[in-house]
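Novice: This structure is in structure tokens; I'll ask about it shortly.
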Amino acid sequence: MTGGLATLERVESFLPGRAVAVGELAGDLGLSKAKLSLFQKVHGLRTLRVDPELGLLDLVLPAARRVVESLADPARVRHVVHAHATHEVSPPLAELPGRIRDELGLSGAQAFGLTQQNCAVGLGAIDVAAALLRAGAEPGARALVVTGEKAFSRIIGLLPNTAIMGEAAAACLVALDGDGDPVTALAGRTLGQYAELVSLSPEEAARFGKDYAPVLAEVMRDAVAAAGLELSDIEMVIPHNVNMHAWRQTIDELRIPPGRVFLDNIARYSHCFASDVFVNYTTLRDAGRLTAGGHYLLAAVGAGASFKAAVLTHRGER
């Protein structure tokens, strides 16, 4: 998609205050010394944020509240989308999206959950939110995309040989006609043959490992081309935090300097489901590392396997 898919009017993130060393989780996750060494030395993990005492709503709401409280007219928010990687994040009757909407005082908004793209669902939700706003044709309408979930079991908290899941949340206010950061292109690809990623045979897992970096690099190039740019025009790649090894391979495929991919938060926070790219965006923004007029490439991969990339232009502080 090209020509101004949407604008991100505001992006906020939240991480629990409790930092845990990866080694402290080895027992709970059933990691041997060799597997722990893989995550620490090869994948570059050191700490992550996780707080068993923090409920899911308490994780998700702080960033969303900061977005809503910044609005002169919250009633312009017509959609609240909880984009989550794990397909089931709460009991079916809990109606989590509606609870998020009500806690935020957005009673006039439609609320629903969005999943099936796993950890790439945050970028996919921007596309869905923009489509809803276009279909509604209501001038000045906004959509609020919220991410955040908890690893409530070992099978969710550990992607074998690949990622250990931390906790984080984010909120993005999406508009069609705002003065925020324009999302100028979005590209995606799904490799359905790897839909059972956590239970692939060794041979299938090996094939996925070979496909991963070339396909992600191709999708990223597609997004850049759709935005009418070259990779050399991109100030920084803002990635998901799957692990350092996967990103080293992708950087080699892209043939770009490693310093142009923001990887600092992998060691700090590990992989946080669908929230990574937004946490990394706010980290760069709050550190003054986003340039007004600069083009940035966001990228994420969801198990199963969904690849997403988006290009946005930072308009600077408003």
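Quick note on numbering: the sequence shown equals residues 5 to 322 in this note's numbering. Positions of the beta carbon are idealized from the N, C-alpha and C atoms, including for glycine.
So G249 is in the alpha helix (DSSP H); what residue range does that whole segment cover?
Specialist: In the sequence shown, the residue the question calls residue 249 occupies position 245. Looking at the sequence itself, residue 249 is His, so the reference to Gly does not match. It spans M248 to L258 - the alpha helix (DSSP H) in which H249 sits, taken as one unbroken run.
Novice: Can you find at least 3 beta carbon pairs, one from the segment 269-281 and one from the segment 240-253, that sit closer than 8 Å?
Specialist: Yes, they touch.
Novice: 8 Å is my cut-off, CB to CB: does S111 come that close to chain D?
Specialist: In the displayed structure, chain D is absent; only one protein chain is listed.
Novice: Does DSSP put L316 in a helix, in a strand, or in coil?
Specialist: Translated into the one-based positions of the sequence shown, residue 316 becomes position 312. Strand.
Novice: Check whether the segment 98-116 and the segment 57-74 are in contact - that is, three or more C-beta pairs closer than 8 Å.
Specialist: With the cut-off at 8 Å, the segment 98-116 and the segment 57-74 touch.
Novice: Relative to the alpha-carbon of D226, which residue among A303, L137, L148 and G48 has its alpha-carbon at the smallest distance?
Specialist: Counted from its first residue, the sequence shown places residue 226 at position 222. Taking only the C-alpha atoms, the option nearest D226 is A303.
Novice: Which two residues bound the contiguous alpha helix (DSSP H) that contains G161?
Specialist: Numbered from its first residue, the sequence shown carries residue 161 at position 157. Taken as a continuous stretch (DSSP letters only), the alpha helix (DSSP H) holding G161 covers R158 to G161.
Novice: What is the C-beta distance between D185 and T295, in whole angstroms, given that I count them as a contact (C-beta under 8 Å)?
Specialist: Reading the sequence shown from its first residue, position 181 is the one you call residue 185. Reading the sequence shown from its first residue, position 291 is the one you call residue 295. Rounded, the Cβ-Cβ distance is 12 Å, inconsistent with contact.
Novice: So, for V72: in the same chain, excluding its five sequence neighbours on each side, which residues have a beta-carbon less than 6 Å away from its beta-carbon?
Specialist: On the sequence shown, residue 72 is found 68 positions in, with the first residue counted as 1. Same-chain partners within the cutoff: P78 and L108.
Novice: Taking the C-alpha atoms as reference points, what is the distance between E234 and Y285?
Specialist: Mapped onto the sequence shown, residue 234 falls at position 230. Mapped onto the sequence shown, residue 285 falls at position 281. Spanning the two alpha carbons is a distance of roughly 21 Å.
Novice: Reducing DSSP to helix, strand and coil, say where T123 ends up.
Specialist: Indexing the sequence shown from 1 puts residue 123 at position 119. Just to set this straight, residue 123 is Cys in the shown sequence, not Thr. C123 falls in the helix class under three-state DSSP.
Novice: Please classify V46 as buried or exposed, where buried requires at least 16 neighbouring CB atoms within 10 angstroms.
Specialist: The count along the sequence shown starts at 1 and reaches residue 46 at position 42. Label assigned to V46: exposed.
Novice: Measure the alpha-carbon distance for G298 versus S17 and round it to whole angstroms.
Specialist: What you label residue 298 is simply residue 294 of the sequence shown in a count that begins at 1. What you label residue 17 is simply residue 13 of the sequence shown in a count that begins at 1. For G298 and S17, the distance between alpha carbons rounds to 21 Å.
Novice: Confirm, please, whether the CB-CB distance from G292 to Q364 is below 8 Å.
Specialist: No information on residue 364 is available, as it lies outside the stretch 5 to 322 that the chain covers here.
Novice: Report yes if the CB atom of L4 is closer than 8 Å to the CB atom of T188, and no otherwise.
Specialist: Any answer about residue 4 is impossible in this case: the structure gives the chain only from 5 up to 322.
Novice: Look up H83 in the DSSP assignment and give the residues it is bridged to.
Specialist: Taking the sequence shown and counting its residues from 1, one reaches residue 83 at position 79. Per DSSP, Q114 and A147.
Novice: Using the Cβ count rule (16 or more neighbours within 10 Å means buried), how would you classify P20?
Specialist: The count along the sequence shown starts at 1 and reaches residue 20 at position 16. When all chains shown are included, P20 counts as buried.
Novice: Excluding the 5 residues preceding and the 5 following I104 in the sequence, name in chain order all residues of the same chain whose CB lies nearer than 8 Å to its CB.
Specialist: The residue given as residue 104 occupies position 100 in the sequence shown. Taken in chain order, the residues that qualify are L61, V64, L65, A68, V84, H86, A115 and V150.
Novice: Looking at the strands, I want to know which residues DSSP matches up with D185.
Specialist: What you label residue 185 is simply residue 181 of the sequence shown in a count that begins at 1. According to DSSP, D185 bridges with L12.
Novice: Would you grab the beta carbon distance between A174 and G192 for me? Rounded to a whole angstrom, and I think it's under 8 Å.
Specialist: On the sequence shown, position 170 is the one that residue 174 refers to. On the sequence shown, position 188 is the one that residue 192 refers to. Contact doesn't hold; Cβ gap of about 19 Å is too wide.
Novice: Could you tell me how far apart the beta carbons of E200 and V54 are, in whole angstroms, since I believe they sit closer than 8 Å?
Specialist: For the purposes of this step, residue 200 is taken as the residue at position 196 of the sequence shown. For the purposes of this step, residue 54 is taken as the residue at position 50 of the sequence shown. Between V54 and E200 the Cβ distance is about 27 Å, and since that is not below 8 Å, they are no contact.
Novice: Which first and last residues belong to the alpha helix (DSSP H) in which L306 is found?
Specialist: Position 302 of the sequence shown, counted from the first residue, corresponds to residue 306. A small fix is needed here, since residue 306 is Gly in this sequence, not Leu. G306 -> not in any alpha helix (DSSP H); beta strand (DSSP E) instead, spanning H299 to G306.
Novice: Among the residues of its own chain, which have a CB less than 7 Å from the CB of G7, if the five just before and after it don't count?
Specialist: Along the sequence shown, read from residue 1 onward, the residue named residue 7 stands at position 3. Its pLDDT being 44, under 50, G7 is placed unreliably by the model, and the measurement read from it follows with that caveat. The answer is none, since no qualifying residue turns up.
Novice: Assess, as a yes-or-no matter, whether the segment 25-45 is touched by the segment 159-169 under the definition of 3 or more beta carbon pairs within less than 8 Å.
Specialist: The answer is yes - the segment 25-45 touches the segment 159-169, with three or more Cβ pairs under 8 Å.
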